[in-house]
DNA sequence: GTCAGTGCAAACCCTTTGCAGAAAG
DNA sequence: CTTTCTGCAAAGGGTTTGCACTGAC
């Protein structure tokens, strides 16, 4: 299992240092949406392993290398999504939780023509939901 | 023109103070996407009119009252959109600029069923684009 | 006169950065 | 060894807050 994570990092051109592997193991354990702080807490549950600076730097690096995706739905913090396949999100305003919407579950058509001289970098659909009892 | 802005605030249940009217005049002059800092600069171009705290408080108030919409596309700051009709956005990564996509220009179908016990608060589609020559 | 609104500065919080020491190859 | 990475603490930048003053009604 550890081998797989290391390979994944190497394939992405990321040197698999001890700290990066620790972080990668958490992220790639399953598809999930984690803030930097959550990753920091999870990686250091039982004992200090990775510093805050390294968590931030590593998440930024992984995102640039395409290993994870940044999800911008909350003005106060970034979520990192270990599911890098094209998909969308429900954002539960009350809990701050994200839930995936598989690409096949939603139909997005008639994409208008892009601003001149630009190419698409990505399309994000966010359906914000709140509890009925509000 | 000034009367219209004041009425707009009153209709939304917002006391039209001098500062709020100043800010509203800028926002409602046309459909646009402004950061808090931009509003602060615009409202105080020739002389000090409104403090930073009041700009932030007012934008938050307007957004809560439905007079403007927050647009979350950049982790570093919130944009405020004076176009409150349902629509979507192009986000130009290189310039940081937003451009509206009218609701009729895009087709979004097969919205999957919402998480249990929730209702939709809003749907945001963001098409991130970057310059071809990157 | 009362209560809401404003301004200033300080506080906040997430994130980034500078730099010295540690690790990887 | 050399280069890259890490950790710490400090700095940064957008936003919020505490509190006294001002303004609206």
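Chains as they are written, first to last, in my numbering: chain X, 15 to 148; chain L, 15 to 148. Ideal Cβ placement from N, Cα and C applies to all residues, glycine included. These numbers were taken from a predicted model, which means no experiment stands behind them.
Can the beta-carbon of residue i be found closer than 8 Å to that of residue j?
{"i": "residue 75(L)", "j": "residue 28(L)", "result": "yes"}
{"i": "residue 113(X)", "j": "residue 129(L)", "result": "yes"}
{"i": "residue 110(L)", "j": "residue 88(L)", "result": "yes"}
{"i": "residue 30(L)", "j": "residue 37(L)", "result": "no"}
{"i": "residue 137(L)", "j": "residue 134(X)", "result": "no"}
{"i": "residue 115(X)", "j": "residue 126(L)", "result": "yes"}
{"i": "residue 146(L)", "j": "residue 147(X)", "result": "no"}
{"i": "residue 120(X)", "j": "residue 103(X)", "result": "no"}
Tell me which same chain residues have a C-beta within less than 6 Å of the C-beta of residue i, skipping the five on either side of it?
{"i": "residue 33(L)", "result": "64 and 68"}
{"i": "residue 81(L)", "result": "26"}
{"i": "residue 47(L)", "result": "93, 95 and 112"}
Please check if any C-beta of chain L sits within less than 8 Å of the C-beta of residue i.
{"i": "residue 124(X)", "result": "yes"}
{"i": "residue 128(X)", "result": "yes"}
{"i": "residue 121(X)", "result": "yes"}
{"i": "residue 117(X)", "result": "no"}
{"i": "residue 139(X)", "result": "yes"}
{"i": "residue 106(X)", "result": "yes"}
{"i": "residue 82(X)", "result": "no"}
Please report how far the alpha carbon of residue i lies from the alpha carbon of residue j, in whole angstroms.
{"i": "residue 83(X)", "j": "residue 98(X)", "result": "6 Å"}
{"i": "residue 96(X)", "j": "residue 85(X)", "result": "10 Å"}
{"i": "residue 123(X)", "j": "residue 123(L)", "result": "8 Å"}
{"i": "residue 66(L)", "j": "residue 42(X)", "result": "42 Å"}
{"i": "residue 54(X)", "j": "residue 73(X)", "result": "10 Å"}
{"i": "residue 59(L)", "j": "residue 79(X)", "result": "42 Å"}
{"i": "residue 91(L)", "j": "residue 100(X)", "result": "25 Å"}
CB-CB under 8 Å to residue i, same chain, minus the five flanking residues each way: which ones, in chain order?
{"i": "residue 144(X)", "result": "106, 107 and 108"}
{"i": "residue 35(X)", "result": "16, 19, 20 and 23"}
{"i": "residue 77(X)", "result": "83, 84 and 94"}
Can you check whether the C-beta of residue i is within less than 8 Å of a C-beta belonging to chain X?
{"i": "residue 145(L)", "result": "yes"}
{"i": "residue 132(L)", "result": "yes"}
{"i": "residue 60(L)", "result": "no"}
{"i": "residue 86(L)", "result": "yes"}
{"i": "residue 23(L)", "result": "no"}
Which same chain residues end up closer than 7 Å to residue i when comparing Cβ atoms and leaving out the 5 residues on each side of it in sequence?
{"i": "residue 70(L)", "result": "50"}
{"i": "residue 40(L)", "result": "53, 56 and 57"}
Determine the extent of the beta strand (DSSP E) in which residue i is found, giving its start and end residues.
{"i": "residue 104(L)", "result": "101–106"}
{"i": "residue 121(X)", "result": "121–123"}
{"i": "residue 91(L)", "result": "91–95"}
Specify, as a first and last residue, the run of the alpha helix (DSSP H) that residue i falls within.
{"i": "residue 66(X)", "result": "66–78"}
{"i": "residue 145(L)", "result": "Element bounds for residue 145(L): not the alpha helix (DSSP H) but the beta strand (DSSP E), 132–145."}
{"i": "residue 41(X)", "result": "32–41"}
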